[in-house]
Amino acid sequence: EQLHVLTEFYRSGHNPHGLIKYDPEKCAYPKCRLCMDHCLMDYIDLSASPRVFGSNKTECDMWLGCTFCEMICPTGAISCDWEGFQRDFGEKIGVVLGGNPLANAAEEAIASGRLRMLIPREEVRWDKPYFKVHNKHPRFKIPKD
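Below, the structure written as C-alpha cells:
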C-alpha cells in the first residue's frame, strides 16, 4: 500500500509536501551556501540576479518531494507550509486512494497486538495531531569535513 501511495504522489507531478518557498530577507547568502551546495537537482543559484530558487525559479515544486534545502537551512529562509499542506491534502488522499492506507495498516497492527491505542479511537483525526515537528532550523546539520 505504501508503494501505491508513493506512486500516486509522483504521478501528480507536484511535490507531495506542497510548495517550498524562499525568503531572501532571512537568507544569509553569501555567508551561507548550504542549499546551493546540496541541492540534488541543482535548482538553486543565489549568485544569479535575480536569485534562482527551485524548479519554478522562485519556489520549488519538485515532483520527487525533496525538502532537503528546507531541512538544512539554518535561518528558516526556505520553508514549507506543512500544516497547510496537511489541511488541504489530508482528506483528498483518502478519496484518491479509496481509503486511508495508514489507517488500514494501523488497524492490522492493532488487531495483531503489535500496536496499542493510547487515546480513544474517536479522537484520532488527520487534522488533530498528537505530535508535531517544530519549526526549528536547521532540522539537519551537515558536518564540516
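Just so you know, the sequence shown maps onto residues 940 to 1084 in the working numbering.
Here a beta-carbon is modelled for each residue, glycine too, at the ideal position from N, C-alpha and C.
Just so we're clear, the structure is a prediction, and the values are computed from it rather than from any experiment.
Item	Value
Residue environment, I1058, which counts as buried when at least 16 other CB atoms sit within 10 Å	exposed
Alpha-carbon to alpha-carbon, N995 and M1010	19 Å
First through last residue of the beta strand (DSSP E) which encompasses I983	I983 -> no beta strand (DSSP E), and no H or E assigned at all.
Environment of I1081 [buried if 16+ CB atoms lie within 10 Å]	exposed
C1019 versus I1049 - alpha carbon distance	33 Å
Cα-Cα separation, T997 to M980	15 Å
Reduced DSSP secondary structure (H/G/I, E/B, other) of S1018	strand
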